[in-house]
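Protein sequence lines correspond, in order, to chains R, G and C. So in this note's numbering, spot 69 of the first sequence is number 433, and the numbers just go up one at a time. So in this note's numbering, spot 3 of the second sequence is number 367, and the numbers just go up one at a time. So in this note's numbering, spot 81 of the third sequence is number 445, and the numbers just go up one at a time. Structure first, commentary second.
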Amino acid sequence: MSQALTLRPDRLFSSDTTQRAIAQRLFQHVETLPIISPHGHTDPRWFAYDENFANPTDLLIQPDHYVYRMLYSQGITLDELGIPRSDGSVADVDPREVWRLFANHYHLFRGTPSAYWLNYVFSRVFEIDVRLSGDTADVYYDTINNALATDAFKPRALFERYNIELLATTESPLDELEHHQAILDSGWSGRVITAFRPDPVIDPDFEGFIDNLKSLGEITGLDCLNYTQYLQALRQRRAYFAKMGATSTDHGHPTARTADLSTLEAEQLFNTVTSGAFSKEDAELFRAHMLMEMAGMSLEDGLVMQIHPGAFRNHNARVFEHYGRDKGADIPSATDYVSDLKPLLDRYGNEPNLNIILFTLDETSYSRELGPLAGHYPVLKLGPSWWFHDSPEGMLRFRRSTHEVAGFYNMVGFNDDTRAFLSIPARHDMARRMDCVHLAELVATHRLEEDEAAELAVDLAYNFAKQAYKL
Amino acid sequence: MSQALTLRPDRLFSSDTTQRAIAQRLFQHVETLPIISPHGHTDPRWFAYDENFANPTDLLIQPDHYVYRMLYSQGITLDELGIPRSDGSVADVDPREVWRLFANHYHLFRGTPSAYWLNYVFSRVFEIDVRLSGDTADVYYDTINNALATDAFKPRALFERYNIELLATTESPLDELEHHQAILDSGWSGRVITAFRPDPVIDPDFEGFIDNLKSLGEITGLDCLNYTQYLQALRQRRAYFAKMGATSTDHGHPTARTADLSTLEAEQLFNTVTSGAFSKEDAELFRAHMLMEMAGMSLEDGLVMQIHPGAFRNHNARVFEHYGRDKGADIPSATDYVSDLKPLLDRYGNEPNLNIILFTLDETSYSRELGPLAGHYPVLKLGPSWWFHDSPEGMLRFRRSTHEVAGFYNMVGFNDDTRAFLSIPARHDMARRMDCVHLAELVATHRLEEDEAAELAVDLAYNFAKQAYKL
Amino acid sequence: MSQALTLRPDRLFSSDTTQRAIAQRLFQHVETLPIISPHGHTDPRWFAYDENFANPTDLLIQPDHYVYRMLYSQGITLDELGIPRSDGSVADVDPREVWRLFANHYHLFRGTPSAYWLNYVFSRVFEIDVRLSGDTADVYYDTINNALATDAFKPRALFERYNIELLATTESPLDELEHHQAILDSGWSGRVITAFRPDPVIDPDFEGFIDNLKSLGEITGLDCLNYTQYLQALRQRRAYFAKMGATSTDHGHPTARTADLSTLEAEQLFNTVTSGAFSKEDAELFRAHMLMEMAGMSLEDGLVMQIHPGAFRNHNARVFEHYGRDKGADIPSATDYVSDLKPLLDRYGNEPNLNIILFTLDETSYSRELGPLAGHYPVLKLGPSWWFHDSPEGMLRFRRSTHEVAGFYNMVGFNDDTRAFLSIPARHDMARRMDCVHLAELVATHRLEEDEAAELAVDLAYNFAKQAYKL
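Encoded structure:
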């Protein structure tokens, strides 16, 4: 006995009739705006070669750590889900069986943003009208599987149907960007750009750091174990990424720490961290120094700098050992922006031509640190509520805790930051609705006029992202 | 001129008409469910010997540190309230005078959960229909005092009237559990079990630690100043507690720190902390090590492990000196779960047969640490909003900050965690109502279907506690 | 095309009809109560000499760091705004041009408390009925400028029109209080008192610390580089401030740290910090020690002690260098009250005749530390939501996070804490409304009776401030 799946037109809006009516009116201004996705992790191969997706499990479960972390937390093993192991092997599981396992445990997602996104995809993209459960697992599998085999569900077709004006992916400096080149060469009109994410070559704790430097040397023809040439190589790669369309860099350090070292100190530290024998503090200080270098290069080349700090990556040692990084086991930790960013802000905080976008996983910093910083420093803007906080409650907490102190105009609108391509419109739908919920609160309590709110709704959904990321 | 005391049928529900109607419907599913109280601090003697309670002051004020901390904060001394001193003496105060003092200051509790619980007890249990104030102090005292002298208000009668299916108390390993034995021997049908709280013998900073080890030795016939025998003694006591019905252990350390020491390191550290000459760090590391040992023993014997960290116990030096521990002067402090639990999770985080329930007094950890941890690790579940946060606002903050990230199914439902026996139904009433408030919010904004919410309401009120505590 | 500026009678009240009706009724009890402003930073010269304010820019923009920080964050330089430089010079800008720049960027303040306060002043004080924008900049400038030239807009006339019963300013011990003396000598009935803020002479990191001690010596006729005489000088200045009407002291340290040093240790530390060669820790420890001394002196002389910790002052090095302190670049940082206040509370926490009012910029401490502390210690009370949190959302977060744990009666009502004299009624209007919003929430959900809420509304708006500050 399956139950109806319906997307209510008023979903997420307040049940207060005054606020709901305002939110409905505001939402009309933004519902159909094109999608700007200035930061994310989709795979450029999809758009380069436009091949059909393999099957529902391969598309919707196996790449989505939001999904399998929750299943794992309830005792389902990663092998049962067919998650690839770090040695390259995969448990021999039938995609349909994995889907059934997922369907049988779909209640675990009740009230989570994953359920919102998935239901949106099921309903809007695949036009399914019953809820997912053990009973409907096969109907779902077949419906989605059949759709995926058609042209209408190939990556470019979905990109266009999704009304995506721009989509940014994220690549390492070691990436040759051949898929992006293929997109450009193809003559397809969709705009897919990259972003420069140098963690593998500026974080000494990154797996294979030294090998990564050697690869960087090969790509650039420079000796990347020599500090001066190393910096030159980074400049060269940034220029290449910019030429290929990138407008931003991205930095996922454990902390937001920055440091202002002399060239001599920096060079000595570089020699230490490339010697292989370095302390935790050496690694941290080198990352801190390199954020400063990256800011300096951004001032030169105009790339917008994104800082995504504060995740304890790969917290589960056993999962990391057997399945590798990014397996749903990253855990946020407390972050200090006030002291950590001071060296950077002392040097570059007042530059008129530098854009730094701050993100956080530590919500305590919203009103205590990030709002006050962004409401003062010309170079700083606030990224949206991120990752675990990319959710209705997370968005409301972010907005309510920052808009009074940072002001709306020091925000950059929404990032979907996702690997889950199919969910992109669902995520923007949620973000736009929640912005309307927040603005309607302000209007209904006479803290904002409705015409101001309508302007802000459009800014938050569209304009701010284009401006902040120089798109 | 006394004013009416009434418990509104819709108390705590949102005034939004849509949400209130949903909450009313959800509450019908849970209002009369039996009470599962899997963690608390009531006195087993009450149920063992079923004697009448002495008087209103002795029952409702003197054992309740929630009540006298607030009175103390406004300049009323503990002697005026007849709180026993650590030397065993008590100021010579008339219980009726203490009650009058309380009544004259009852306005101090406006808007606090204590007022909610007390008013519920006054209205429902004692059927009083005027508010407590100076004017009604004597009416209250006489009404309650007379009731307490009757059979209907003896502990077992109240236990049955309260529809308590199971009540857990908490005892030290040094407790012989003779009162629990007396309950079992009595043939009474009420189910009162114990829980194993080893702080006095695993925390070197606990008052009388060495003496406690000696007592443990006497009870077990082992030499508890010998590390190997000490561990054996703990195993033996755990087994005895389990035999007596315990299904859980409980740990109230200052932090959540855990450590993975070698047997040799552990033994040396044990020798240090039992020598009497040890540093703060030695004590902290020993507690950290013993949490790891306790987790290992839980894996062996199946006892569910509860971790209640983060209270700075007995913060008021003068009150501690004169009146001893647990006098309303425990203050939460910032807690770090991400690093502190890492050693434990590295070793046991993926065990399918281990249940660890995490609590916190540091609400900043809800969305930053605990939600992400519980939403990934199979061994972890989240206890409810605890102690200072066992309140309408506290519960809402907890639910709103965790359900999206941890998911509802990584929660354990409600704990009343109280010494105040009479307030148990009031506390469960508040918790069930606030869960309905939260679920109604989700339903009214179309984040959850009402049939899903109804299932969750029952799970949160009843099923989750039974499952998580293996009851 | 300019749009109407209107102050809605129901502004800030919930749009929920039940809650709004309750809030309206509660607000009738407090709307017209006199203003008690027990802590702030207005200039006593205004009231001493009662001269006309110069022009709109000089009055409303240039002294208000809330305003120019936001403009600065969006790339407007402090020179463009005519903010004085630390060398005493000022960029040659026309006040009307500055006003136009402000008007053209007024949208930046949408949804901020600054907009609420400014719009209130524009509407209520200057009776302007169109919104501020580039189009209306000149109308605004002329209207305000003309008004300021009249007697009705002189400081004392506004003070009386504003129905201010008492206004406290804040002065350094080095201040001779000649303006306060002039007020007293003038025979004017307005009550303007001072508060004792000794940071310049007890914080070794304060600019000119040694010179400040020398000045303190000159004022008191004591050798303030001698520790005993230094303490005597502070006692003497406190007595003088108290004689001039002060009822409180105020302390703006980077942290809430306190220390209990022996006289010998304190004297040695004093010698170190006055030698000019001292470490960060020396300075911190000296501040910690002096908070203890100040508490001891408060016990002697009865001055209420306010602690405002946790701001990283003058975070922007370049702005500090060129424009000096207090230029909108103070950033909050994480604060620990539980450990930091322990020495002070160990010594004085149970004193019946000492009042210490705690403030915070770190909202994480509301429910975790400050609520529990204030709900236990007799000497502690909680100041209102402060500075960046003096806003509708900030006030709601504060009330919702503290009232259940600290209780309403451990609060001190509202402080406007402002330099912006014209905004004082706007700020109290916001605070009174938000208290009614919060109380209405509690009444509508049956957590409080309406008659109790009405009493509390008056207490929060008026009585608590008078009691806590001994006015």
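Every residue gets a Cβ at the ideal spot worked out from N, C-alpha and C, and that includes glycine. These numbers were taken from a predicted model, which means no experiment stands behind them.
| Item | Value |
| --- | --- |
| Sequence ranges, alpha helix (DSSP H) only - wholly within the stretch 687 to 770 of chain G, length at least 4 | 701 to 704, 706 to 712, 735 to 738, 756 to 770 |
| Three or more C-beta pairs below 8 Å linking the stretch 761 to 777 of chain C and the stretch 728 to 740 of chain C | yes |
| Nearest to G:Leu803 (by Cα), restricted to the options G:Phe473, G:Phe523, G:Arg764 | G:Arg764 |
| Residues from the stretch 727 to 752 of chain R in contact with chain G, defined by Cβ distance under 7 Å | Glu727, Thr728, Phe752 |
| Cross-strand partners of C:Phe676 (DSSP beta bridge) | C:Ile695 |
| Runs of alpha helix (DSSP H) lying entirely within the stretch 397 to 469 of chain R, each at least 4 residues, in chain order | 408 to 413, 420 to 424, 429 to 437, 459 to 468 |
| Helix, strand or coil at G:Val776 [DSSP, three-state] | coil |
| Chain R contact residues for C:Asp374, given Cβ-Cβ distances below 9 Å | Thr809, His810 |
| C-alpha gap between G:Ser755 and G:Asp780, whole angstroms | 11 Å |
| Cβ shell of C:Ala597 (< 6 Å), same chain only, five flanking positions each side left out | Leu580, Thr584, Leu586, Cys588 |
| In DSSP terms, what R:Met669 is bridged to | R:Thr613, R:Ile720 |
| Collapsed DSSP secondary structure at C:Leu589 in the structure displayed | coil |
| Span separating the alpha-carbon of G:Ala387 from that of G:Cys800 | 5 Å |
| In DSSP terms, what R:Ala532 is bridged to | R:Ile557 |
| heavy atom of the ligand SAM below 8 Å from R:Thr622 C-beta | Ligands displayed in this structure: none; no statement on the ligand SAM is therefore possible. |
| Run of the alpha helix (DSSP H) containing C:Lys578, from where it starts to where it stops | 573 to 584 |
| Minimum Cβ-Cβ distance from G:Tyr833 to chain R less than 9 Å | no |
| Sequence-distant residues of its chain with Cβ nearer than 8 Å to G:Pro519 (five each side left out) | Trp410, Phe411, Asp414, Glu415, Phe417, Phe785 |
| Where G:Ala368 falls: helix, strand or coil (DSSP) | strand |
| Per-residue burial, G:Asp506 [other beta carbons within 10 Å of its own, 16 or more giving buried] | exposed |
| Neighbourhood of C:Ile695 by C-beta distance below 8 Å, restricted to the same chain and skipping five residues each side | Ala675, Phe676, His679 |
| One or two residues paired with G:Val494 in a DSSP bridge | G:Ala368 |
| G:Val454 classed as buried or exposed, judged by whether at least 16 other C-beta atoms fall within 10 angstroms | exposed |
| Cβ-Cβ separation, G:Phe752 to G:Ala725 (assumed contact under 8 Å), whole Å | A small correction: the amino acid at residue 725 of chain G is Leu; Ala does not occupy that position in the sequence shown. Sure, about 6 Å apart at Cβ, within 8 Å. |
| DSSP three-state assignment for G:Met654, whether helix, strand or coil | helix |
| Residues near R:Gly758 in its chain [Cβ-Cβ closer than 6 Å; skip 5 each side] | Ser749 |
| Reference R:Lys830; option with closest CA among R:Gly452, R:Val668, R:Ile788, R:Leu538 | R:Val668 |
| Distance, R:Ile399 Cα to R:Asp451 Cα | 38 Å |
| Reference C:Arg599; option with closest CA among C:Gly640, C:Ile574, C:Pro537, C:Pro402 | C:Pro537 |
| Other residues of its chain near R:Ser497: CB distance less than 7 Å, five sequence neighbours each side excluded | Ser366, Ala467, Tyr470 |
| Neighbour list for R:Met434 in chain G, Cβ cutoff strictly below 7 Å | Gly739, Gly771 |
| Selection from R:Phe778, R:Ala368, R:Val637, R:Asp624 that minimises the alpha carbon distance to R:Asp493 | R:Ala368 |
| Within 9 Å of chain R by C-beta, residues of the stretch 611 to 631 of chain G in sequence order | none |
| Reduced DSSP secondary structure (H/G/I, E/B, other) of R:Asp569 | coil |
| Rounded straight-line distance, which links the Cα of R:Leu595 to that of R:Val776 | 29 Å |
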